[in-house]
Amino acid sequence: MTHAIDHSRNMIDLAGQTRERLVSLLTLARSFDDCTGMPKQDAELRARLSGKSVCNLFFEDSTRTRVSFSLAARNLGAGITNLTGPGSSVTKGETLVDTALTVEATGGHALVVRSGAAGAAELIAKHVHVPVINAGDGAHEHPTQGLLDVYALAAALGGGRESSFDLSGITVGIVGDIVNSRVARSDIIAMTKLGARVICVGPAPLAPRSLEVLGCEVSSDLDAVLGELDAVQMLRIQFERHGSGGSDKPGSPPGVGSVREYRSLYALTERRAGGMKPGAVIMHPGPMNRGLEMDGTVADGPNSVVRKQVSAGTLVRMAVLADLLGG
Amino acid sequence: MTHAIDHSRNMIDLAGQTRERLVSLLTLARSFDDCTGMPKQDAELRARLSGKSVCNLFFEDSTRTRVSFSLAARNLGAGITNLTGPGSSVTKGETLVDTALTVEATGGHALVVRSGAAGAAELIAKHVHVPVINAGDGAHEHPTQGLLDVYALAAALGGGRESSFDLSGITVGIVGDIVNSRVARSDIIAMTKLGARVICVGPAPLAPRSLEVLGCEVSSDLDAVLGELDAVQMLRIQFERHGSGGSDKPGSPPGVGSVREYRSLYALTERRAGGMKPGAVIMHPGPMNRGLEMDGTVADGPNSVVRKQVSAGTLVRMAVLADLLGG
Amino acid sequence: MTHAIDHSRNMIDLAGQTRERLVSLLTLARSFDDCTGMPKQDAELRARLSGKSVCNLFFEDSTRTRVSFSLAARNLGAGITNLTGPGSSVTKGETLVDTALTVEATGGHALVVRSGAAGAAELIAKHVHVPVINAGDGAHEHPTQGLLDVYALAAALGGGRESSFDLSGITVGIVGDIVNSRVARSDIIAMTKLGARVICVGPAPLAPRSLEVLGCEVSSDLDAVLGELDAVQMLRIQFERHGSGGSDKPGSPPGVGSVREYRSLYALTERRAGGMKPGAVIMHPGPMNRGLEMDGTVADGPNSVVRKQVSAGTLVRMAVLADLLGG
Numbered sequence: 251m252t253h254a255i256d257h258s259r260n261m262i263d264l265a266g267q268t269r270e271r272l273v274s275l276l277t278l279a280r281s282f283d284d285c286t287g288m289p290k291q292d293a294e295l296r297a298r299l300s301g302k303s304v305c306n307l308f309f310e311d312s313t314r315t316r317v318s319f320s321l322a323a324r325n326l327g328a329g330i331t332n333l334t335g336p337g338s339s340v341t342k343g344e345t346l347v348d349t350a351l352t353v354e355a356t357g358g359h360a361l362v363v364r365s366g367a368a369g370a371a372e373l374i375a376k377h378v379h380v381p382v383i384n385a386g387d388g389a390h391e392h393p394t395q396g397l398l399d400v401y402a403l404a405a406a407l408g409g410g411r412e413s414s415f416d417l418s419g420i421t422v423g424i425v426g427d428i429v430n431s432r433v434a435r436s437d438i439i440a441m442t443k444l445g446a447r448v449i450c451v452g453p454a455p456l457a458p459r460s461l462e463v464l465g466c467e468v469s470s471d472l473d474a475v476l477g478e479l480d481a482v483q484m485l486r487i488q489f490e491r492h493g494s495g496g497s498d499k500p501g502s503p504p505g506v507g508s509v510r511e512y513r514s515l516y517a518l519t520e521r522r523a524g525g526m527k528p529g530a531v532i533m534h535p536g537p538m539n540r541g542l543e544m545d546g547t548v549a550d551g552p553n554s555v556v557r558k559q560v561s562a563g564t565l566v567r568m569a570v571l572a573d574l575l576g577g
Numbered sequence: 251m252t253h254a255i256d257h258s259r260n261m262i263d264l265a266g267q268t269r270e271r272l273v274s275l276l277t278l279a280r281s282f283d284d285c286t287g288m289p290k291q292d293a294e295l296r297a298r299l300s301g302k303s304v305c306n307l308f309f310e311d312s313t314r315t316r317v318s319f320s321l322a323a324r325n326l327g328a329g330i331t332n333l334t335g336p337g338s339s340v341t342k343g344e345t346l347v348d349t350a351l352t353v354e355a356t357g358g359h360a361l362v363v364r365s366g367a368a369g370a371a372e373l374i375a376k377h378v379h380v381p382v383i384n385a386g387d388g389a390h391e392h393p394t395q396g397l398l399d400v401y402a403l404a405a406a407l408g409g410g411r412e413s414s415f416d417l418s419g420i421t422v423g424i425v426g427d428i429v430n431s432r433v434a435r436s437d438i439i440a441m442t443k444l445g446a447r448v449i450c451v452g453p454a455p456l457a458p459r460s461l462e463v464l465g466c467e468v469s470s471d472l473d474a475v476l477g478e479l480d481a482v483q484m485l486r487i488q489f490e491r492h493g494s495g496g497s498d499k500p501g502s503p504p505g506v507g508s509v510r511e512y513r514s515l516y517a518l519t520e521r522r523a524g525g526m527k528p529g530a531v532i533m534h535p536g537p538m539n540r541g542l543e544m545d546g547t548v549a550d551g552p553n554s555v556v557r558k559q560v561s562a563g564t565l566v567r568m569a570v571l572a573d574l575l576g577g
Numbered sequence: 251m252t253h254a255i256d257h258s259r260n261m262i263d264l265a266g267q268t269r270e271r272l273v274s275l276l277t278l279a280r281s282f283d284d285c286t287g288m289p290k291q292d293a294e295l296r297a298r299l300s301g302k303s304v305c306n307l308f309f310e311d312s313t314r315t316r317v318s319f320s321l322a323a324r325n326l327g328a329g330i331t332n333l334t335g336p337g338s339s340v341t342k343g344e345t346l347v348d349t350a351l352t353v354e355a356t357g358g359h360a361l362v363v364r365s366g367a368a369g370a371a372e373l374i375a376k377h378v379h380v381p382v383i384n385a386g387d388g389a390h391e392h393p394t395q396g397l398l399d400v401y402a403l404a405a406a407l408g409g410g411r412e413s414s415f416d417l418s419g420i421t422v423g424i425v426g427d428i429v430n431s432r433v434a435r436s437d438i439i440a441m442t443k444l445g446a447r448v449i450c451v452g453p454a455p456l457a458p459r460s461l462e463v464l465g466c467e468v469s470s471d472l473d474a475v476l477g478e479l480d481a482v483q484m485l486r487i488q489f490e491r492h493g494s495g496g497s498d499k500p501g502s503p504p505g506v507g508s509v510r511e512y513r514s515l516y517a518l519t520e521r522r523a524g525g526m527k528p529g530a531v532i533m534h535p536g537p538m539n540r541g542l543e544m545d546g547t548v549a550d551g552p553n554s555v556v557r558k559q560v561s562a563g564t565l566v567r568m569a570v571l572a573d574l575l576g577g
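Chains A, B and C supply the protein sequences, listed in that same order. Mapping the first sequence onto the numbering used here, position 299 (from 1) lands on 549, and the numbers just tick up by one. Mapping the second sequence onto the numbering used here, position 56 (from 1) lands on 306, and the numbers just tick up by one. Mapping the third sequence onto the numbering used here, position 314 (from 1) lands on 564, and the numbers just tick up by one.
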C-alpha cells in the first residue's frame, strides 16, 4: 500500500531537495514579497489556490508554525482545516497513517504534518497521494524553517544574495542544542547547499563531532569563532526537554553545570554581540528565552532579523504551497 | 419557547426521514461526485453556499466528523466556525440550549451538533430557528453516517444501485457493539428503509433481541450468517467504553471473557473474509483497531470500501448542507 | 521599541474613545443591521474586508466572544485564525508581547486580544503596528461588550434612540459583582458617555463607593432602586472566581452569607421584574446561571433582550473591524 516518494511533489526534508529546487522555491517566495518582507496585497495572488483545502495535521502543537501555514494558505485563497490536540482520533488508538488516509479521503488537497516522531511525514507521504509538507518531525527536519532562515539571511546580507540566494563566502554559526534540533538540521542542510560555511557551537553533548557528516564544522568555544561569523543563529534552550533532577527548577542543559554556566559560555550577550563583525546578522528561530540564550537588547537591536525570519516563514510557506498545489 | 421540529428543515435522525428524502439526499450527493468518490472541482459548486456560516457545536470532540463537515461546508463556499473543547461556555455552567441559542444569535446559518447525550440535537432544534444537523448524539443516531454508509455500499454494489440506492435483495451484517452504537442504529434505519435485509451480530449483551424493533434480525453467531452476507459493516471495539475492572488493561467487551475470545468469535479475520461471497463488500466506520475487530489485510484488501466510506461522508454532508441551507 | 497608542486606530478601551466615535461605530453597526438585529445578507458587505486576516489571540478562552468576532470577520469577507489554548507558544515561556509581535510578523492584519491580565491589549498595542482590539483584559474593560450593550439597549428603547444612540433621561441599573467585571466597567463608560444615569447595585465588597469615580451611582439595595430603572443589566455570579472555603460547594459571593442570601437580595426574580416600570429592558451579558441571578421566565420574557445583546455583538464587532481595517 506504500509508494515511493517524489520529493518534487512533497516537502519532506531539505536533504531530499536539490540546490536548484531550493533556489526555485526561494525565488517564488521572493515574488510574493512586497519588498518589506510581508506578502503582497494582490487579488491575483489571493485567487491562486482558490478552492483548495490544506489540512494542518498537527500531532504536536505549535501555534507559530500552524498560524504561519494558515495565513500562507489564506494569502493564496486556499482554505485551512485544523486537526489538532486532544479529542482527535489519534487518542482513540488509530495509527498515524490511518488518520492521514482518513483526512485524504475526506478531501483535503495537501497535508501539513507536525509530529514528535522523526520520519512521521515521510511515512505518511508513502501512503497518501496528496502532497505532504513536513512542519517538523521530532529531531529530524523542519524544512520550511530551513528555507525561511536562508531567505531572511540572504535578504539581510543583500548585495545580490537576496535574489541569487548564493551564500558562498559566508560563515554562519549555529549555537546551542544542535543535536536535538530539527531547526539546526534543516538550517545546516539549506545553508551548506547554498554554499555557506556552517559552524555548529555548543557543549560537546549538544554539538558532537558526529554532526560533521552534515557538512558543517563543530566547535565548543563560541568566543573563539565569534569573530569569523557573518551571521549567527541562536537556538532556544529547551528547558522542557532537559530533566530537572527531580526538582521543580528547570534542568541544566547537558554538558554544563547550570543554566548560569551555559549562559556564561554560549549566550549571545550584548558584550559578545558587540565583538562580532560589523553588520553580522543575528538570528533566532523563536520562541526566545530573553536574557538566557540571547539578551533582549540584542534581539531588538539593529542587526537582529528575528522578526524578518517570522515574516519570511509566511513567504516560503506560500511558495511551497503554491508549488505543490500547482497553483 | 420550544417549537415542533420540521424534519425536512433539520437532520436530527434518519428515523424521522422518508425513504424518498433519503434517496433525494443521496442523489444530490451523487451529483457532487466526480466519479471517483471525491467532490467535483467546480467553481459553481464552490459558490453554492457563499456567505453562509456553519457552526460546529461539538460538546464531544470527533476530529473525523468535524473535518468532514468543515470540508463539506468549504466545498460549497460556506464558512465554518468551531466551538469545541475546554474553555467553551459549556464549562461555565451554561445549558446546552442557551449555548445553542447564543450561537444562533451570533449569526450562524446552521448548527452541526455533536453530543454524548442522546436527544441533544433534537432538544436544540426545538429551540433554534436555523437548521440543526445531528453529528452524533449519545447512543441514539448519527444520521450522516447512515447516509454515507448506504452511499458507499450502493456505489460498491453497482448494477444501477449506485444511482437508484435501492438495496432490495441485499443482506448486510453489522457486527459488534450494536446496542451502544449510534452508527449501527442509523445504518439499520437507512439500510432497511432502502430495502436491505440487515442482520446484527454480536454477543447477546451487545446485540440483544430487542433490536428487532428496528426492523433487523439478530444473531450471536457470525460464522453461521457470514455466507449470506453481501456486505458487512464491522464496528469498532470501544475499549474506552468498557470498564477495565480497576486494572490498566483495556476491559473485555460484555458477553465475552476476553478481547481474545471476542476476536475469535467476532473479528473479520483474513480467513473469515475469505469465506464470504465473492465480491462481498467490507465496511468499517473507523477509527479502526487493526488486528482486533478486523485484520489489516482485510481492511486494505480489494473488497474493502473503508476509504470510500470516508469520502462518501464529505459528499453526503455536502448534500445535507446544500439541502438545508437552501443553496 | 514601544510607541504611543492612537485610540482611533485601535479599540483598547471605551475610556479612550470620544462620545462621537462611539456614536459613529454604533451607526456603522446599524448600517449592517437587517432590521431584525441580524447582519444583512449582502454580497458587497461580504467583500468589504476581502483578503484581510484577523487573528484571535486568546490567552484566556471565551467561546462566545471568539465566535462572535469570527463570524463578524467572515461576514465582511475577512479570514480568521485562532491562537488559543494549550500548546500555544505562550506555554513555552514566551512573553505576551513576543507572541503578538510574532503573529504580526506572520502577516495578520488585526489582532483581537483576550487575556486575564488587565492592560494586556494596551501593552501589545504599544508594540505592534496592526490594529489591536481588546476582547477583554482582566477586570479592566471589554469595549465591544460595552458597545453591544448600548446598541441593544437603544434598539429596545426605540423612539429615535435606536439611531441617535442618545441615552439621556434613561436610568440603567447594573447588578452584581461590579468591581471585578470588565463588562460592567465598559457598560458604565459607554452608557454615561451617551448620557444615561447608571446605578451600580450589589453588596458593598462587590459594588463599593469607589466606583463613583466612573461617573455612576452606587447602591446596595436593589429593591430601593428597582422602580427608577428603565433598564437593568444583571451580571453573572462568577462562582469560579469566588473561593469555596475548602469545600467542593461553590463559594458565596463576598459580602453575603450564602448564594441563597445573595439571591434573596440581588436576583432578578419574576416577582422583582414584575415590580419594574412597564417595558423596562432586561439585560444579561451571558452566560447566565438561570434561577440564580435571574429567573428563567424573566430571561425568556417579553422585556428581555438577552438574545438581542448577542446578535448586537456581531454587528458592533463588524463595525469595529470595518472601521479599523479600513474596509
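Backbone N, C-alpha and C fix where the C-beta goes; we use that ideal spot for every residue, glycine too.
Interface residues of chain A facing residue i [CB-CB closer than 8 Å]
| i | result |
| --- | --- |
| C:A481 | Residues of chain A passing the Cβ test: none, with the nearest at roughly 41 Å. |
Beta-carbon neighbours of residue i, restricted to chain C and to distances below 8 Å
| i | result |
| --- | --- |
| A:G388 | Simply none; closest approach about 17 Å. |
Cβ shell of residue i (< 6 Å), same chain only, five flanking positions each side left out
| i | result |
| --- | --- |
| B:V422 | M441, A446, V448, A481 |
| A:G495 | Low local confidence applies: a pLDDT of 43 at A:G495 is under 50, so the model's placement there is unreliable, with the coordinate-based value given in what follows. Closer than 6 Å at Cβ, skipping near neighbours: no residue. |
| B:A367 | G388 |
| C:E354 | V378, V380 |
Beta-carbon neighbours of residue i, restricted to chain A and to distances below 7 Å
| i | result |
| --- | --- |
| C:A355 | R557, V560, S561 |
Cutoff 8 Å: residue i Cβ touching any chain C Cβ
| i | result |
| --- | --- |
| B:S312 | no |
| B:L333 | yes |
Proximal chain C residues relative to residue i, where beta-carbon distance stays under 9 Å
| i | result |
| --- | --- |
| A:M288 | A355, G357 |
Run of the beta strand (DSSP E) containing residue i, from where it starts to where it stops
| i | result |
| --- | --- |
| A:A385 | 382-387 |
| B:I424 | 421-425 |
| B:V347 | Taken as a continuous stretch (DSSP letters only), B:V347 belongs to no beta strand (DSSP E), being part of the alpha helix (DSSP H) at 346-356. |
Within chain B, partners of residue i - CB distance below 8 Å
| i | result |
| --- | --- |
| C:M533 | Residues of chain B passing the Cβ test: none, with the nearest at roughly 13 Å. |
Same chain, Cβ closer than 8 Å to residue i, neighbours up to 5 away in sequence not counted
| i | result |
| --- | --- |
| A:G358 | S303, V304, C305, T331, V380 |
| A:N325 | F282, P289, L295, R296, T564, M568 |
| C:L373 | L346, V347 |
is_contact[residue i, chain A] using C-beta, thresh 8 Å
| i | result |
| --- | --- |
| C:G465 | no |
| C:E270 | no |
| C:G546 | no |
| B:Q267 | no |
heavy atom of the ligand SAH below 7 Å from residue i C-beta
| i | result |
| --- | --- |
| A:V451 | No copy of the ligand SAH appears in this structure; indeed no ligand is present at all. |
Within-8 Å CB hit, residue i to chain B
| i | result |
| --- | --- |
| A:I262 | no |
| A:T352 | yes |
| C:N325 | yes |
| C:S508 | no |
| C:Q395 | no |
Beta-carbon contacts of residue i that lie in its chain and below 7 Å, excluding the five residues immediately before and after
| i | result |
| --- | --- |
| A:H377 | M251, T252, V347, A350, L351 |
| C:G369 | D387, H390 |
| A:S318 | G563, T564, R567 |
For residue i, the first and last residue of its enclosing alpha helix (DSSP H)
| i | result |
| --- | --- |
| C:T315 | 313-325 |
Neighbouring residues, chain B, relative to residue i (Cβ below 7 Å)
| i | result |
| --- | --- |
| C:R296 | G301 |
| C:V304 | The premise fails here: C:V304 is roughly 13 Å from chain B at the closest Cβ pair, so nothing lies under 7 Å. |
Within chain C, the residues that residue i reaches when beta carbons sit closer than 7 Å
| i | result |
| --- | --- |
| B:G329 | R324 |
Practice problem: Assess, as a yes-or-no matter, whether the stretch 343-363 of chain A is touched by the stretch 267-279 of chain B under the definition of 3 or more beta carbon pairs within less than 8 Å. | Solution: Too few Cβ pairs lie closer than 8 Å, so no.
Self-check item: Three or more C-beta pairs below 8 Å linking the stretch 521-537 of chain C and the stretch 556-571 of chain B
Solution: Of all C-beta pairs linking the stretch 521-537 of chain C to the stretch 556-571 of chain B, fewer than three are shorter than 8 Å, placing the two stretches out of contact.
Self-check item: Segment contact flag, the stretch 421-436 of chain B with the stretch 387-397 of chain B, C-beta cutoff 8 Å, min 3 pairs
Solution: Touching, per the Cβ criterion.
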